[in-house]
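Keeping their order, the protein sequence lines are chains Z and D. For what it's worth, the working numbering labels the leading residue of the first sequence as 1, then goes sequentially. For what it's worth, the working numbering labels the leading residue of the second sequence as 321, then goes sequentially. Down below is the structure, laid out as structure tokens.
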Amino acid sequence: MSVLIFAELDEGKIKKSSQEAIFYGAKVAQMTGTTATAIIIGAADESELALAGRFGATNVLHATDAKLNEPNGMAYATVVAAAVQQEGSKVIVLAKSSLADAMTARLAGKLKAGLAANVISLPDLSNGFQVKSSIYTGKAFAYNDLKADVKILAIKKNTITPEETDATASVKAFTPALNEADFAISVKSTEKSSGDILLPEADLVVSAGRGLKGPENWGIVEDLAKALHAATACSKPVSDLDWRPHSEHVGQTGLKISPNLYIACGISGAIQHLAGVNSSKVIVVINKDADAPFFKSADYGIVGDVFDVLPRLTKAVKAL
Amino acid sequence: MKILVCVTSVPDTTTKIAFTDNKTKLNKAGVTFITGPYDDYALARAVELKEKTGASITVLNVGQADSEPVIRKCLAIGADDAIRVNAEPTDAYFVAEQIAAIAKENSYDLILMGRESIDYNGGQVHGIVGEMLGIPSISPVMLLDLDGDTARITREIEGGKEGLEAKLPLVLGCQEPIAEWKIPNMRGIMTARTKPLKVVEPTGTDTLTTVASYELPAPRGAVKMIPADEAEKLIQLLHTEAKVI
Ligand SMILES: Cc1cc2nc3c(=O)[nH]c(=O)nc-3n(C[C@H](O)[C@H](O)[C@H](O)COP(=O)(O)OP(=O)(O)OC[C@H]3O[C@@H](n4cnc5c(N)ncnc54)[C@H](O)[C@@H]3O)c2cc1C
């Protein structure tokens, strides 16, 4: 009857957002008087897997079939559904991500599960099973009653801050039967910027808009991001103009992020941009126009020229 | 080739969201409803494929009569006919079930929709439909090309993109830059009035998820302005006051 947590790997390590999911899932297990089992798919060291215990998992099921080393939403859904069956799980927890999105929908279809995406609180069990989620691209919240027998909760980054212990989880191999049909999509190429901090995972984000004038000026944005160990992001026109890759575009039609710190440089703060970033904990706006709408949604603001301000901020960070 | 494009009717992206009836309903007063922006991308690519291959396009909406203007606009842009499943779209599972039921009757080669609706942002419907039909689903799709019954697809992943290949039939959740949004022209608007729009009743299922109530985010406190010539102070404040760095 354990709560099952899908913990995602990135290059053999449990992703930070998945550490949050494990901690969240362990809390739900406590609340419902069960244990927390993490399911981890793909190649990773036993010791890394056992670390799931630090965040509250008692057991880890490790699915290692070589065919699963490539992330594959459909095949992963088959694996997780088999784990749900083995464990008799009624609650499945995972962190929202590109892979998790592809997987959860297939899983919900398989299990006829009730699903809440962008969950931002622990469930309220006082009257059924209710969770709060972010809707209208961060412009509002919904209190969802999950009525299905099996419930899937896809949590948003920064929903919960994991408290770590030095416990370890016991790791067991998990070898479910795979569906041939789940491998009908073949991956021909993968392009990934390596070494950078993944934007959806980042605690700190430095973002820039059309105010930077052109892609050749991104060095000052990257310098500040590097000094802060932050990820970089951009507004929609910037990715439309191909100044930056689409995977950096945040907002209504881009990624929705909720970092601890969002620094917006030369971005006007249109409602569609705000929609994707307004659940950031602290927002800093740097814009030379004192009337830029973004200042209304900021915690800290500087009216100034990004070409002057950014290098000075980078220097100040290095001096910390 | 037969393409099904599934569209939602959602508040315009500039809408300031507000609720009524003791925070249990969206306040629709003064709100303009539009096709989901991601659905617009799906439809635009379908129209391009129609121009190239002579495909037929059916638009499908699960919604009440008030979404008909959105459906007519899709017809004006280039869809051939439309189906409206006459029901309040309650949750992703329910909507997916309606789409799958229509798809089972008509065997489409491609089912295109937006990668998510901008009201609930679930991003789930395409995957559930794929599962219900037993065919692959891919999202978010940035590029789609067809070569016979093989689809070549570029999908966005975290920090990059992935090139994929799969055989039709497929369900795809679309996003930019798969195609340029299309706007209806006068001729399109005129002919849209005469194109068939069939209304069908939903196939029943239990709703798995309902919303008990809504809430708006708490307003942020006042912005603290730092003079540009003391920009360094910002870093101190982020370190000592906000404690985020
Ligand atoms: C359906 C729809 C969906 C959309 N989705 C998104 C989305 O997901 N994300 C998104 O970002 N946008 C989205 N938009 C676009 C959005 O409405 C704005 O057009 C966009 O956010 C503006 O980007 P920007 O602020 O970079 O550019 P601009 O609006 O051109 O603003 C540039 C800003 O830079 C400032 N500036 C210029 N030079 C300097 C300087 N030297 N120093 C400091 N400041 C300077 C200017 O004062 C200005 O405020 C969407 C629009 C629509 C219609």
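Positions of the beta carbon are idealized from the N, C-alpha and C atoms, including for glycine. The model shown is predicted, which means the values in this text are computed figures rather than measured ones.
### Message
Beta-carbon within less than 8 Å of P489(D)'s beta-carbon, same chain only, minus the 5 sequence neighbours each way: which residues are those?
### Response
Your numbering for residue 489(D) matches position 169 in the second sequence. Within the same chain, P489(D) has close Cβ partners S427, Y428, D429, L430, I431, L453, I455.
### Query
Start and end of the beta strand (DSSP E) containing H246(Z)?
Mapped onto the first sequence, residue 246(Z) falls at position 246. No beta strand (DSSP E) contains H246(Z), which DSSP labels as neither H nor E.
#### Entry: When L466(D), E482(D), G383(D), L492(D) are compared against K246(Z), the one with the closest alpha-carbon
For the purposes of this step, residue 246(Z) is identified with residue 246 of the first sequence, where counting begins at 1. First, the amino acid is wrong: residue 246(Z) is His here, not Lys. Of the listed residues, the one whose Cα sits closest to H246(Z) is E482(D).
### Query
chain Z partners of E500(D), CB-CB under 9 Å?
Start at 1 with the first residue of the second sequence, and residue 500(D) comes out as number 180. Within 9 Å Cβ-Cβ: nothing; E500(D) doesn't reach chain Z, min ~11 Å.
### Query
Excluding the five sequence neighbours on either side, which residues of its own chain have a C-beta within less than 6 Å of the C-beta of Y262(Z), listed in chain order?
Here residue 262(Z) refers to the residue found at position 262 of the first sequence. Answer for Y262(Z): V205, V277, S280, I283, listed in chain order.
### Task
Kindly say whether E11(Z), judged by its beta-carbon, lies nearer than 8 Å to any beta-carbon of chain D.
Position 11 of the first sequence, counting from 1, holds the residue named residue 11(Z). Output row for E11(Z): interface = no.
### Query
Distance, Cα to Cα, N69(Z) vs K192(Z)?
One-based indexing of the first sequence puts residue 69(Z) at position 69. One-based indexing of the first sequence puts residue 192(Z) at position 192. Spanning the two alpha carbons is a distance of roughly 16 Å.
### Query
In angstroms, rounded to a whole number, what distance separates the CA positions of L343(D) and L146(Z)?
The residue given as residue 343(D) occupies position 23 in the second sequence. The residue given as residue 146(Z) occupies position 146 in the first sequence. Residue identity differs from the one stated: residue 343(D) is Lys in this sequence, not Leu. Distance between the alpha carbons of K343(D) and L146(Z): 19 Å.
### Task
Please list, following the chain, all residues that have a C-beta closer than 5 Å to any non-hydrogen atom of ligand 1.
G209(Z), R210(Z), G211(Z), S235(Z), K236(Z), P237(Z), G251(Z), Q252(Z), T253(Z), G254(Z), G266(Z), I267(Z), S268(Z), A270(Z), Q272(Z), H273(Z), N287(Z), K288(Z), D289(Z), A292(Z), D305(Z), V306(Z), T333(D), P357(D)
### Task
Give the single residue among Y143(Z), Y24(Z), T161(Z) whose Cα lies nearest to the Cα of N127(Z).
If you number the first sequence from 1, residue 127(Z) lands on position 127. With distances taken between Cα atoms, N127(Z) lies closest to Y143(Z).
### Task
Please decide whether I555(D) counts as near chain Z, where near means a Cβ-Cβ distance under 8 Å.
Start at 1 with the first residue of the second sequence, and residue 555(D) comes out as number 235. I555(D) counts as touching chain Z.
### Task
Taking E408(D) and Q384(D) to be in contact with their CB atoms under 8 Å, please state how far apart those CB atoms are, rounded to whole angstroms.
By one-based count along the second sequence, residue 408(D) stands at place 88. By one-based count along the second sequence, residue 384(D) stands at place 64. Indeed they touch by this definition, with Cβ atoms about 6 Å apart.
### Message
I believe K172(Z) touches L61(Z) by the beta-carbon criterion, under 8 Å. Please report the beta-carbon distance rounded to the nearest angstrom.
### Response
As a working note, residue 172(Z) is residue 172 in the first sequence. As a working note, residue 61(Z) is residue 61 in the first sequence. With a Cβ gap of about 6 Å, K172(Z) and L61(Z) count as contacting.
### Message
Determine, for V119(Z), whether the minimum Cβ-Cβ distance to residues of chain D falls below 8 Å.
### Response
Taking the first sequence and counting its residues from 1, one reaches residue 119(Z) at position 119. Output row for V119(Z): interface = no.
### Query
Does the segment 150 to 165 of chain Z touch the segment 52 to 59 of chain Z, meaning 3 or more C-beta pairs lie closer than 8 Å?
yes
#### Entry: Candidates L363(D), K370(D), A375(D), of which the one nearest N381(D) by Cα
Reading the second sequence from its first residue, position 61 is the one you call residue 381(D). Looking at the Cα atoms, L363(D) is the closest of the given residues.
### Query
Taking three-plus beta-carbon pairs below 8 Å as touching, is the segment 206 to 222 of chain Z in contact with the segment 104 to 121 of chain Z?
no
### Message
Can you tell me whether D203(Z) is buried or exposed? The criterion is at least 16 other CB atoms within 10 Å of its CB, across all chains shown.
### Response
Against the first sequence, residue 203(Z) aligns to sequence position 203. Buried, by the Cβ-count rule.
### Task
Name the two residues that bound the continuous beta strand (DSSP E) containing Q130(Z).
The residue you call residue 130(Z) lines up with position 130 of the first sequence. Here the beta strand (DSSP E) through Q130(Z) covers 130 to 135.
### Query
Nearest to A275(Z) by CA position, among A148(Z), I92(Z), K256(Z), F141(Z), is which residue?
By 1-based counting over the first sequence, the position of residue 275(Z) is 275. Comparing Cα positions, the closest option is K256(Z).
### Task
Give me the Cα-Cα distance between E485(D) and R475(D), rounded to the nearest whole angstrom.
Position 165 of the second sequence, counting from 1, holds the residue named residue 485(D). Position 155 of the second sequence, counting from 1, holds the residue named residue 475(D). If I take the Cα positions, the gap works out to 10 Å.
### Task
Evaluate G450(D) with the Cβ neighbour count: other Cβ atoms within 10 Å of its Cβ, from every protein chain shown; 16 or more gives buried, anything less gives exposed.
Reading the second sequence from its first residue, position 130 is the one you call residue 450(D). G450(D) should be labelled buried.
### Task
Please determine if the segment 408 to 418 of chain D and the segment 332 to 340 of chain D are in contact, where contact requires at least 3 C-beta pairs separated by less than 8 Å.
no
### Query
How many Å lie between I327(Z) and A26(Z) at the Cα?
For residue 327(Z) there is no data in the structure shown, the boundaries of chain Z being 1 and 320.
### Task
Show which residues of chain Z have a CB atom less than 7 Å away from the CB atom of M462(D).
The residue you call residue 462(D) lines up with position 142 of the second sequence. Correct list: H246.
#### Entry: Endpoints, the alpha helix (DSSP H) within which E20(Z) is located
Mapped onto the first sequence, residue 20(Z) falls at position 20. Unbroken alpha helix (DSSP H) run through E20(Z): 16 to 32.
### Message
By the 8 Å beta-carbon criterion, what residues does the segment 393 to 412 of chain D contribute toward chain Z?
### Response
D411, A412
### Task
Return no unless some Cβ of chain Z is closer than 8 Å to the Cβ of I431(D).
In the second sequence, counting from the first residue as 1, residue 431(D) sits at position 111. Not an interface residue.
### Query
Would G33(Z) be called buried (16 or more neighbouring beta carbons within 10 Å of its own) or exposed?
The sequence position of residue 33(Z) within the first sequence is 33, counting from 1. When all chains shown are included, G33(Z) counts as exposed.
### Query
If we ignore side chains and look at the alpha-carbon of each, how far apart do I39(Z) and D386(D) end up?
Translated into the one-based positions of the first sequence, residue 39(Z) becomes position 39. Translated into the one-based positions of the second sequence, residue 386(D) becomes position 66. If you take the alpha carbons of I39(Z) and D386(D), they lie about 44 Å apart.
### Task
Taking L324(Z) as part of the alpha helix (DSSP H), name the residues at either end of that continuous run.
Since the first and last residues shown for chain Z are 1 and 320, residue 324(Z) lies out of range.
### Message
Please state whether the Cβ-Cβ distance between I135(Z) and F141(Z) is less than 8 Å.
### Response
To locate residue 135(Z), count along the first sequence from 1; it is residue 135. To locate residue 141(Z), count along the first sequence from 1; it is residue 141. Yes, the Cβ-Cβ distance between I135(Z) and F141(Z) is below 8 Å.
### D10(Z) - partner residues in DSSP beta bridges
Along the first sequence, one-based indexing puts residue 10(Z) at 10. Paired residues: K13(Z).
### Three-state secondary structure (DSSP) of K112(Z)
Here residue 112(Z) refers to the residue found at position 112 when the first sequence is read from its first residue. Note: K112(Z) maps to coil in three-state DSSP.
### Task
Find the residues of chain Z that neighbour G483(D), judging by a C-beta separation of less than 9 Å, and give them in chain order.
What you label residue 483(D) is simply residue 163 of the second sequence in a count that begins at 1. In chain order: V187, K188, S189, T190, E191.
### Task
Would you decide whether S189(Z) is buried or exposed? Buried here means 16 or more other CB atoms lie within 10 Å of its CB.
Walking along the first sequence from the start, residue 189(Z) turns up at place 189. It is exposed - the Cβ of S189(Z) has fewer than 16 other Cβ atoms within 10 Å.
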